[in-house]
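Notes to accompany the following structure.
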Amino acid sequence: MVSYNFREIEQRWQQTWADQGIYRVPNPGDEGFDADKPKLYVVDMFPYPSGSGLHVGHPLGYIATDIYSRFHRMRGANVLHPMGFDAFGLPAEQYAVETGIHPRETTEKNLEVFRRQLTAFGFSYDWDRSFATTDPEYYKWTQWIFLKLFDSWFDDVTHKARPISELVTELESGDRDADGVAWMNLTDADRATFLDSQRLAYIDEVPVNWCPALGTVLANEEVTPEGRSDRGDFPVYRRPLRQWMLRITAYADRLLDDLETLEWPESVATMQRNWIGRSEGANIVFDIEDHTQMRVFTTRPDTVFGATYMVMAPEHPLVDEIVADTWPDGTKPEWTLGIDDPKTAVEAYRLAASRKSDLERQVDERDKTGVFTGAFAINPLTGDSIPIFIADYVLMGYGTGAIMAVPGQDERDWEFAEKFDLPIVRTVQPPPEFEGDAYTGPGPAINSGFLDGLEIEDAKKRIIFWLEHNGAGEGTVTYKLRDWLFSRQRYWGEPIPILHGPNGELKAVPEDQLPLRLPEIDDFRPNASDDEDAEPTPSLAKAPDDWKFVEIDGVTYRRELNTMPQWAGSCWYYLRYLDPHNDDELVSEAAERYWMGETGVDLYVGGVEHAVLHLLYARFWHKVLFDLGYVGTIEPFGRLINQGYILADAFQDSRGMFVPADEVVEHNGVFTHNGEPVERQFGKMGKSLKNSVNPDDVFEEYGVDTLRIYEMFMGPLEASRPWSTKDIVGTYRFLQRLWRNYVDGEGEMLVSDEESAGDLRVLLHRTIEAVTKDMESLHFNTAVARLFELNNALVPMDRIPRDVANVMLRLLAPLAPHICEELWHMLGHDGSIVVADWPTFDTSLTTVASATMVVQVNGKVRDRIEVPVSITEDQAVALALSSKKVLAHTGGNQPRKVIAKLPNVVSLVV
RNA sequence: GCCCGGGUGGCGAAAUGGCAGACGCGGCGGACUUAAAAUCCGCUGUCCCUUAGGGGUCGUGUGGGUUCGACUCCCACCCCGGGCACCA
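Counted the way this note's numbering counts, the first sequence spans residues 22 to 931.
This is the structure in structure tokens:
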């Protein structure tokens with residue numbers, strides 16, 4: 022009995038393909054490279070090899086890109102489809118800490134598990150191009166890019182990064198000055214300080230997100246809206262620290278504008294736009310009575326006549342300077358917190374505000390709080406003296422950290438004004454029916470002097486013109502995006518290749534000394550703490566002195582002890598695949614220009630969770646590399662698709678803890694775990710819900726091809742879908758049936774040499790047409806359905822025509838490569854189906870001679886008539902009117918109106 | 001609150017202005033079998049009528065609209081999922 026032995030078939034072919042190196046892809050200039058073929062570069066977001074291995078949710082996108090790659094390979098493209106591993110970073114290190122084993126060891130072990138599992142899926146990766154971000158040969162170039170960032174500045178005139186040596190040249194020639202000071206008037210130390218302040222990678226003391234439990238600082242992007250760490254969900258505290266920063270803000274406009282050039286999901290583009298948060302408006306200078314001035318940012322400079330008070334963030338540096346000694350006349354009791362003098366009141370408020378975590382600020386339902394500083398500003402337009410408050414609804418981190426409050430046109434200001442009994446002046450005329458409080462809609466300006474009558478946009482232009490001509494401000498643009506905090510105090514990351522001199526000067530590690538390898542240390546655990554005031558200490562502080570200190574030309578330098586964040590390695594990996602063994606360059610120009618082409622990666626597939634972090638950082642690095650001439654496209658990923666998640670049942674016990682879903686038993690609709698009742702939940706498959714399904718188990722029971730088809734058949738790629746083990750049998754049956762259509766019990770091929778004809782031939786060509794279209798548009802679920810239909814049509818036949826047999830296998834091969842390769846060879850083909858030609862269809866067969874014409878009477882379908890596709894309108898209407906079923910509804914009356922869309926529809930109105 | 005995505009049989013889904021529910025799971029009936037599994041064949045949205053051939057009716061979250069014709073386009077709303085959220 023010869024039956025479909027998937028285990029043997031799948032293992033044998035995977036071995037054969039590997040032995041033949043059939044998925045190896047030559048670069049331009051390599052032997053076997055065919056320049057006449059079109060190129061296609063397909064990339065998966067590479068995985069983080071965790072200790073628990075893959076579950077069936079991970080490879081959903083990988084299966085899709087593999088099918089797409091195989092399809093285009095058969096259509097004659099040079100397809101580059103690589104895979105690698107993102108192995109530095111917190112999760113690997115946290116796991117290593119928990120188990121007490123060196124992260125290199127655990128990472129190596131995890132990598133092996135992931136490689137084995139991915140190989141078992143039969144993916145057509147060119148494994149020769151694979152690497153992990155932890156390979157010194159790889160992170161050498163990650164460090165090299167960092168040095169390029171360190172060695173570059175952003176030219177505000179050309180809006181491009183340029184080598185800092187060119188800045189020095191311009192400074193020396195006098196074409197530029199250093200913040201208003203001539204270069205020749207600066208000391209060497211001041212020059213170095215100035216240059217360091219211009220670099221794309223620079224050190225600055227800024228308020229950062231300090232996570233004592235992880236023992237490291239985190240980027241804004243790595244902190245949840247609740248003010249906790251994205252990894253591990255630990256509390257995060259804001260505090261000022263000296264850290265490495267990357268000047269991503271210089272690229273804000275380009276990162277925003279170039280989104281237009283990308284074929285990306287609108288939701289991801291929107292998230293990036295929101296994150297960048299560009300706001301056009303104006304800075305306005307307000308004089309402070311008896312003091313200096315304050316600047317505010319506003320998007321509504323047209324409403325300045327309605328500014329009836331001012332607010333500074335509690336942390337605003339000017340607060341100490343302006344706060345009065347005593348409460349001035351007219352101070353209302355609710356402005357003082359009931360405290361006798363402004364200084365004490367301001368201190369008390371600041372303390373209370375700093376104690377509030379971000380989470381608490383939200384729980385407070387945005388109840389407005391604040392306190393009067395005792396100082397007044399002058400509204401430059403009205404000349405009115407208006408009180409200055411501090412309040413935590415104004416954030417130090419945005420704009421200038423201070424606002425002019427216009428309650429008439431701003432809901433937040435309105436709330437505050439009501440609570441603190443402050444005047445409200447409308448400066449935009451609301452429509453008569455308007456009943457709300459603050460009015461933010463369109464309308465003519467009122468109570469606004471020379472702006473009265475102007476609509477908002479015109480009023481903005483006029484007032485900005487006025488401000489600029491009176492030295493009271495200027496039009497400006499503000500962004501939510503902050504520079505990227507780039508240093509981490511952890512061990513398991515790329516060392517930052519910088520040396521610190523005795524006088525604090527910064528020196529790049531020479532390129533020929535890269536990679537700067539991670540030193541071996543005995544105790545690699547982070548300096549974690551429960552104490553929010555604990556000082557951050559880099560793990561590399563525990564490195565031996567001969568690593569930490571370097572002598573160059575008689576000067577002793579201390580190495581930078583911080584490491585790079587996890588995102589560094591994933592910022593550019595798609596470039597290294599192109600030329601992974603190049604010791605002299607990041608990537609050769611020839612390989613980069615060929616594979617990246619005009620628009621970069623042709624298809625990039627991954628989870629939507631990287632919408633802001635990875636995708637924004639990678640775009641930033643790519644643009645820097647573009648400016649410096651190392652890559653030829655302005656964007657890395659021309660087309661992006663977010664695959665959906667695999668969802669599954671999960672179960673919680675009475676304490677709310679998730680229990681392993683595969684240990685839960687169901688009896689009469691009641692779920693129990695170890696005899697205890699559990700509650701059924703539903704969510705994304707993964708470790709946290711303990712509802713993972715291991716692909717190894719599915720392979721063992723049904724095979725690789727079955728799982729691949731099943732995951733594609735469940736629904737469209739972008740949609741999330743619930744895992745259902747019982748549904749897999751459908752695709753398994755399909756492959757069994759396919760096998761039986763081709764092979765009988767004795768192993769004889771059930772194929773005839775007669776050509777297909779009639780309905781079967783039409784079905785065959787329609788299937789080719791439909792599957793080809795579905796493959797192009799990544800609609801694999803419907804492609805599978807079409808193949809099911811063709812296969813079902815073959816079931817009643819004693820022998821299937823050879824042409825059908827050959828086509829069917831090639832259409833299915835991208836989805837189920839193993840069984841198709843086996844049957845392909847059993848049909849007598851010598852070459853691999855992997856490189857067989859994709860079938861073509863005959864349009865004379867797919868466009869049929871007759872069609873079913875629907876006859877509608879008053880919009881309802883009353884009859885269906887077989888007609889030739891070439892039928893004329895007169896014939897069709899005559900046919901329709903003579904139909905007995907139609908006559909029953911028309912009563913023989915002539916229709917008042919006839920609409921014909923031939924040959925599909927004749928619609929009669931009576 | 002704002003911005004995305006979604007809501008179609010018992011379930012996963014298909015159809016993007018023209019026959020709603022392709023395909024698969026599940027279910028029901030039948031064949032094969034000592035029996036079961038596997039396999040094969042048929043049926044399977046609702047309700048009503050039926051002379052047993054069929055015929056009709058309602059039906060894609062809700063309500064309205066545009067159209068000869070709407071799952072598909074427009075308006076309002078409800079629900080689910082995701083993102084953002086005192087960003088001036």
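Glycine included, each C-beta is placed from N, C-alpha and C at the ideal position. Quick caveat: nothing in here was measured; it's all calculated off a predicted structure.
Run through the DSSP bridge pairs and tell me what residue i is partnered with.
i	result
W174	R183, R220
F658	V622
A919	Position check: residue 919 holds Val in this sequence, whereas Ala was assumed. BP columns for V919 point to L929.
Y258	W231
A669	G704
S406	I399
T584	R509, P516
S250	V244
G97	Note: G97 sits in no beta bridge, so no partner.
Q896	Per DSSP, none; premise fails for Q896.
N304	F318, E495
E226	R263
Does DSSP put residue i in a helix, in a strand, or in coil?
i	result
A199	strand
L416	coil
E31	helix
L932	Because the chain in this structure spans residues 22 to 931, residue 932 falls outside the shown range and cannot be described.
F54	coil
M770	strand
K60	strand
N206	helix
F67	coil
V686	strand
Q664	coil
M104	coil
P452	coil
N491	coil
V189	helix
G590	helix
H76	coil
F437	helix
H643	helix
V289	helix
Would residue i and residue j be called neighbours here (beta carbons separated by less than 7 Å)?
i	j	result
W165	L527	no
V530	L539	no
S237	R509	The sequence given here has Thr at residue 237, not Ser. Result yes, Cβ atoms of T237 and R509 sit closer than 7 Å.
Y146	F152	no
D863	H786	yes
Y330	M266	no
P363	V340	no
P835	I88	yes
V9	H910	Only positions 22 to 931 of the chain appear in this structure, which leaves residue 9 out of reach.
L624	E613	no
Excluding the five sequence neighbours on either side, which residues of its own chain have a C-beta within less than 8 Å of the C-beta of residue i, listed in chain order?
i	result
V856	I43, R94, M95
V725	F27, E31, A141, F142, G143, H839
Sort the options by Cα distance to residue i and report the nearest one.
i	options	result
Y83	P59, I730, G298	I730
W162	A669, V608, P103, G751	V608
T245	V257, L235, A234	V257
G470	G494, N491, D323, E581	D323
F27	E722, G298, K481	E722
H521	V576, D551, P349, F507	V576
G422	D434, K353, A334, Y272	A334
What residues in its chain sit with their C-beta under 6 Å from that of residue i, if we drop five residues either side in the sequence?
i	result
P444	T329
I749	Y723, Y731
E301	V498
Excluding the five sequence neighbours on either side, which residues of its own chain have a C-beta within less than 7 Å of the C-beta of residue i, listed in chain order?
i	result
Y595	V64, V622, P657
K708	S73
R701	D670, F672, F692
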